[in-house]
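Chemist: Heads up, the sequence shown is in the numbering used here, so the first residue is 444 and it goes up one at a time.
For glycine and all other residues, C-beta sits at the position ideal for the given N, C-alpha and C.
On a predicted model such as this, the values are computed, not experimentally measured, just so you know.
I have a structure I would like to understand better, so I am pasting it below and will then ask my questions one at a time.
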Amino acid sequence: MIEKKKKVVIIGAGIGGLSTAAVLSFSGFDVTILEKNNHIGGKASLLVKDGFSFDMGPSLLTLPEWIDEIFTFCSKNPRDYYTFKKLSTVTRYFFSDKSHLDVKSNLNDTAEEFEKVGLAKNQFLDFMRKWDDIYSISSETFLENNIGFNKAFLSGAFKWAKKSSISDLSTSMSIYNKKHISNNKVELILNRFATYTGSSPFETPAFMNQLGVVEMIKGAYFPYNGIFSIPAALNKLCIEMGVKFKLNCRVENVSYAKKEFHIQTNNDTINSNLLISNVDFFTTQKFLGRKIKVNNQNLSTSCLVFYWGIAREFPSLLLHNIIFTSDYKREFEEILKKIDSRSFNLHKHISKMDKSHAPDGCENWFVMINLPADVNAINDVMVKNLEM
């Protein structure tokens, strides 16, 4: 007698949902993905308009070997699905005095770049080596293995705590970097990594300096055809693995009875043995009919994104560019206090690597601006001020 496959429903066709679906389908499960939009990709979707193409969310690829693992697990060659190249320059940083510095994918090259503004090469290399050691322990303990109170996890956690001093845990990134780097421009670059968690470097503990290790030591990459090529590749893999898709399918509520999940959508009711959600925690709890008490805690920063088709080219701009304000600390004070201010940090991501993403003589700009978490603070007047 052939054993019936267990049914799995995955909510959300973002990169996480697609990856999970491919692995589970290859492992013998009957997998269906429910996606509320009429396309796959989630935050890594693609916008095409008037001859311009825009990656709508993530724009920087790091640790591509982790994506490759999805394909190799399914006995496929990832290079048959998507390709990428390592960037020589990860990001160009512009300062208020109109100067700029480039962060390279090679740490030694970055150290030489920072020497231009007076930071000793060995001082920076020693700083980064320390955080690389801490990152290696963090990655092995918290990212590459299951988190649980077992011997391996506790041993790794102890090593991590021992390597990270009390000052790393209790001092802010800003204060720590001022003490150990003491170079205003390099401090700005290092402090910026706090924004990857929606945090302020003036409040975030110094141990988050390890975030910079991934880009500055491991390097950054450009996937040909943009970031959307990754969900597109995973979508192709899912189809080959037999995953079923239901697009324009919005989940309304979920119940559990008789050892099955019953997923009510805008179209019908779907039953499954297992349910995996690739949407945020609070939305998932809402599906399940659970009331979650939210403590009065500070929210992370938000952002506003513009997709601009620019009718000229700018040779001084690279693929990834950061424009710092003249007063970085004031910027975060105003963002966290929800003040309507023009003191913002602009992220300009330009598809310099693939000319097909813009008409001849043009550029496509992804412009991201840090803003307060309160969506009500993002009003029409603020948007018009920013556009000016």
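Ordered along the chain, which non-local residues of its own chain (more than five positions away) have a Cβ less than 7 Å from that of Ala816?
Modeler: Looking up residue 816 in the sequence shown gives position 373. Once the five neighbours on either side are set aside, the close Cβ partners of Ala816 are Leu742, Ser743, Thr744 and Ser745.
Chemist: Mapping DSSP to helix, strand and coil, what is Val417?
Modeler: In the structure as shown, the chain begins at 444 and stops at 831. Residue 417 is therefore absent and cannot be evaluated.
Chemist: By Cβ distance below 7 Å, which residues in the same chain neighbour Phe887 in space, the five residues on each side in sequence not counted?
Modeler: The structure shown does not extend to residue 887, since the chain is modelled only from 444 to 831, so the question has no answer here.
Chemist: According to DSSP, simplified to helix, strand and coil, what is Ala700?
Modeler: Numbered from 1 along the sequence shown, position 257 holds the residue referred to as residue 700. Residue state, collapsed to three classes: strand.
Chemist: Spatial neighbours of Leu631 within its chain, please: C-beta separation below 8 Å, excluding the five flanking residues on both sides.
Modeler: What you label residue 631 is simply residue 188 of the sequence shown in a count that begins at 1. Result list for Leu631: Tyr536, Phe538, Phe767 and Tyr771, in chain order.
Chemist: If you pair each beta-carbon of the region 693-705 with each one of the region 490-507, do three or more pairs fall below 8 Å?
Modeler: no
Chemist: Quick check on Thr553: buried or exposed, where buried means 16 or more other Cβ atoms within 10 Å of its Cβ?
Modeler: If you number the sequence shown from 1, residue 553 lands on position 110. Its Cβ being crowded by 16 or more others within 10 Å, Thr553 is buried.
Chemist: So does the region 512-529 actually touch the region 659-667, counting three or more Cβ pairs closer than 8 Å?
Modeler: yes
Chemist: I'd like the list of long-range same chain contacts for Thr463, defined as Cβ closer than 8 Å, with 5 residues on each side in sequence excluded.
Modeler: Taking the sequence shown and counting its residues from 1, one reaches residue 463 at position 20. Closer than 8 Å at the Cβ level, and outside the excluded window around Thr463, lie Ile453, Ile719 and Asn721.
Chemist: Please report the distance separating the alpha-carbon of Ile765 from that of Tyr750.
Modeler: Here residue 765 corresponds to residue number 322 of the sequence shown, with the count starting at 1. Here residue 750 corresponds to residue number 307 of the sequence shown, with the count starting at 1. Answer to the nearest angstrom: the Cα atoms are 16 Å apart.
Chemist: What would DSSP say about Val629, mapped onto helix, strand or coil?
Modeler: Looking up residue 629 in the sequence shown gives position 186. If DSSP states are grouped into helix, strand and coil, Val629 belongs with the helices.
Chemist: Is it buried or exposed for Pro758, if we count other Cβ within 10 angstroms and need 16 for buried?
Modeler: Along the sequence shown, read from residue 1 onward, the residue named residue 758 stands at position 315. Label assigned to Pro758: exposed.
Chemist: Determine the DSSP secondary structure at Leu550, reduced to helix, strand or coil.
Modeler: Sequence index remark: in the sequence shown, residue 550 carries index 107 (1-based). Helix, per DSSP.
Chemist: Could you give the distance in angstroms between the alpha-carbon of Asn691 and the alpha-carbon of Cys517?
Modeler: Mapped onto the sequence shown, residue 691 falls at position 248. Mapped onto the sequence shown, residue 517 falls at position 74. Straight-line Cα distance between these residues: approximately 27 Å.
Chemist: Starting from Asn714 and walking both ways along the beta strand (DSSP E), at which residues does that stretch end?
Modeler: As a first step, residue 714 is located in the sequence shown; it is residue number 271 there, counting from the start. Element bounds for Asn714: Thr712 to Ser715.
Chemist: Terminal residues of the continuous alpha helix (DSSP H) containing Lys773?
Modeler: For the purposes of this step, residue 773 is taken as the residue at position 330 of the sequence shown. According to the sequence displayed, residue 773 carries Arg and not Lys. Start and end: Tyr771 to Leu779.
Chemist: Please state the DSSP three-state secondary structure of Phe516.
Modeler: Taking the sequence shown and counting its residues from 1, the one referred to as residue 516 is at position 73. If DSSP states are grouped into helix, strand and coil, Phe516 belongs with the helices.
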